[in-house]
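A.B. asks: Numbering follows the numbering used here, with no gaps: position 87 of the sequence shown is 237.
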Amino acid sequence: DVAGLGQGGGVGDGERDVQHLGERLRQQRLPAAGRAEQDDVGFLQLDLAGGGRADLDALIELYGHLRAENPSLDVFHRTTAGVMADDFSSHVILLGGIGWNKVAARFQRATSQVPIEQTPVDDLEGGDIFKVQVPDGPQSFYPEYEDLGDGKELIADVGYLARLRNPFQHSRTLTICNGIHSRGVFGAVRCLTDARVREANEKYLAERFPGGEFAILLRVPVVENQTLSPDLQDPSARLYEWAPNEDGVQ
């Protein structure tokens, strides 16, 4: 699957084999250069939202992983100012800032089905919290801090990882790696790139979301300002889960 980001079912269109997130692109048949076919993998769009709001570490980690895993594929990074119309019909990864980013708003048809929204609040500086619409009413997810006496230290951020159909081309995918702070964005990326947890996380996604579309809010531990990769086998790492045609699960 184009992102090579995890296992858990891919998104197909009935005219091609369903791709699985755990399949690396180098293990799949790629089209010859210049061919525009139904099976054409196309190129991957990386969008660093908000002019650098997404942590640079996340961009470097993700870009390096994609290039290493997919040496035959053209991988592009675009800022919001550099996006072109044709980019929307590729495999797309949105990195950070989905709540207010103008490019992300173009994908509203896909993201609006997910009952997760990112919204600013008065009691948190430097980040927008996540809210989920559940039957009992909206539920809010905040980062965790520890009071050290001389100030608060971030000990856990909230990451957001989603895989959906690209509404501009249903044989392509839309992947979202986001967070409240930059540590959450980085954790969402490392959840599927860190070799220490990647295989187990891919297995969980494959079994939990066989249809390939999902959205998860993650607890991303932070130790001494270092981001730890979420382990999806640990229930405490999964704050909220969603898949089409089912209620969210906590």
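Built from N, CA and C at the ideal position, the CB exists for glycine as well.
Name the residue from Q263, V271, E294, E275 whose alpha carbon lies nearest to the alpha carbon of E303.
C.D. replies: By one-based count along the sequence shown, residue 303 stands at place 153. Of the candidates Q263, V271, E294, E275, the one whose C-alpha sits nearest the C-alpha of E303 is E294.
A.B. asks: What did DSSP end up calling T261 once you bin it into helix, strand or coil?
C.D. replies: Stepping through the sequence shown from its first residue, residue 261 is reached at position 111. Correct three-state label for T261: helix.
A.B. asks: Let me make sure I understand the geometry here. Which of I279, L382, D278 has the alpha-carbon closest to that of Y354?
C.D. replies: Counted from its first residue, the sequence shown places residue 354 at position 204. It is L382 whose Cα lies nearest to the Cα of Y354.
A.B. asks: Grab me the residues of A387's own chain with a C-beta within less than 7 Å of its C-beta, minus the 5 sequence neighbours each way, in chain order.
C.D. replies: In the sequence shown, residue 387 corresponds to position 237, counting from 1. Closer than 7 Å at the Cβ level, and outside the excluded window around A387, lie L368, R369, P380, D381.
A.B. asks: Please classify S321 as buried or exposed, where buried requires at least 16 neighbouring CB atoms within 10 angstroms.
C.D. replies: Here the question's residue 321 lines up with position 171 in the sequence shown. With 16 or more Cβ atoms within 10 Å of its Cβ, S321 is classed as buried.
A.B. asks: So D307 packs on G329, CB below 8 Å; how close in whole Å?
C.D. replies: Here residue 307 refers to the residue found at position 157 of the sequence shown. Here residue 329 refers to the residue found at position 179 of the sequence shown. Correct: roughly 6 Å between the Cβ atoms.
A.B. asks: Can you grab the Cα-Cα spacing for the pair Q258 / L245, in whole Å?
C.D. replies: As a working note, residue 258 is residue 108 in the sequence shown. As a working note, residue 245 is residue 95 in the sequence shown. Their Cα atoms are separated by approximately 15 Å.
A.B. asks: Residues bridged to N328 by DSSP?
C.D. replies: Within the sequence shown, numbered from 1, the residue matching residue 328 stands at position 178. N328 pairs with Y310.
A.B. asks: Check whether the Cβ atoms of L212 and T343 lie closer than 8 Å to each other.
C.D. replies: If you number the sequence shown from 1, residue 212 lands on position 62. If you number the sequence shown from 1, residue 343 lands on position 193. Contact flag set, yes.
A.B. asks: Less than 8 Å between the beta carbons of V282 and I266, yes or no?
C.D. replies: Here residue 282 refers to the residue found at position 132 of the sequence shown. Here residue 266 refers to the residue found at position 116 of the sequence shown. Contact flag set, yes.
A.B. asks: Got a sec, what are the start and stop residues for the alpha helix (DSSP H) G355 sits in?
C.D. replies: Along the sequence shown, one-based indexing puts residue 355 at 205. A small correction: the amino acid at residue 355 is Leu; Gly does not occupy that position in the sequence shown. Element bounds for L355: 348 to 358.
A.B. asks: For A393, does the three-state DSSP call read helix, strand or coil?
C.D. replies: One-based indexing of the sequence shown puts residue 393 at position 243. Coil, per DSSP.
A.B. asks: For V253 and P221, what's the separation of their Cα atoms in angstroms?
C.D. replies: As a first step, residue 253 is located in the sequence shown; it is residue number 103 there, counting from the start. As a first step, residue 221 is located in the sequence shown; it is residue number 71 there, counting from the start. One C-alpha to the other measures close to 27 Å.
A.B. asks: If you drop the 5 nearest sequence neighbours on each side, which residues of the same chain put their C-beta closer than 8 Å to that of F193?
C.D. replies: Counting from 1 along the sequence shown, the entry for residue 193 is found at position 43. Model confidence at F193 stands at a pLDDT of 33, short of 50, so the residue's coordinates are unreliable and nothing is read from them.
A.B. asks: Considering only their Cβ atoms, is the gap separating V264 from A312 smaller than 8 Å?
C.D. replies: Position 162 of the sequence shown, counted from the start, is the residue given in the question as residue 312. Position 114 of the sequence shown, counted from the start, is the residue given in the question as residue 264. Taking 8 Å as the Cβ cut-off, A312 and V264 qualify as a contacting pair.
A.B. asks: Excluding sequence positions up to five away, which residues of its chain have a Cβ less than 6 Å from the Cβ of Y292?
C.D. replies: On the sequence shown, position 142 is the one that residue 292 refers to. Here the set comprises I279.
A.B. asks: Is R333 near T269, with beta carbons less than 8 Å apart?
C.D. replies: Taking the sequence shown and counting its residues from 1, one reaches residue 333 at position 183. Taking the sequence shown and counting its residues from 1, one reaches residue 269 at position 119. Against a cut-off of 8 Å, the Cβ pair of T269 and R333 comes out as no contact.
A.B. asks: Let me know if C327 comes out buried or exposed under the rule of 16 or more other beta-carbons within 10 Å of its beta-carbon.
C.D. replies: In the sequence shown, counting from the first residue as 1, residue 327 sits at position 177. Buried is the call here.
A.B. asks: For W392 and E374, I'd like the C-alpha separation in whole angstroms.
C.D. replies: Walking along the sequence shown from the start, residue 392 turns up at place 242. Walking along the sequence shown from the start, residue 374 turns up at place 224. So the alpha carbons of these two residues sit roughly 31 Å apart.
A.B. asks: Have a look at H215 and R348 and give me their C-alpha separation to the nearest angstrom.
C.D. replies: On the sequence shown, position 65 is the one that residue 215 refers to. On the sequence shown, position 198 is the one that residue 348 refers to. Using only the alpha carbons, I get a separation of about 12 Å.
A.B. asks: I266 bridges to which residues according to DSSP?
C.D. replies: Within the sequence shown, the letter at position 116 stands for residue 266. V282.
A.B. asks: Using a threshold of 7 Å, is the CB atom of F364 nearer than that to any non-hydrogen atom of the ligand HEM?
C.D. replies: Looking at this structure, you won't find the ligand HEM or any other ligand, since it has none at all.
A.B. asks: Would the beta-carbon of A208 fall within 8 Å of that of F336?
C.D. replies: Mapped onto the sequence shown, residue 208 falls at position 58. Mapped onto the sequence shown, residue 336 falls at position 186. Yes, these two residues count as a Cβ contact at 8 Å.
A.B. asks: Specify, as a first and last residue, the run of the beta strand (DSSP E) that L125 falls within.
C.D. replies: Any question about residue 125 goes unanswered here, given that the chain covers just 151 to 400.
A.B. asks: What residue range does the beta strand (DSSP E) around R228 cover?
C.D. replies: On the sequence shown, residue 228 is found 78 positions in, with the first residue counted as 1. Counting along the chain, the beta strand (DSSP E) containing R228 begins and ends at 225 to 229.
A.B. asks: Go ahead and pull the three-state DSSP assignment for S321.
C.D. replies: Along the sequence shown, one-based indexing puts residue 321 at 171. Looking at S321 - three-state DSSP - the assignment turns out to be strand.
A.B. asks: If I follow the unbroken beta strand (DSSP E) through L244, where does it start and stop?
C.D. replies: Counted from its first residue, the sequence shown places residue 244 at position 94. From DSSP, the beta strand (DSSP E) with L244 extends over 241 to 245.
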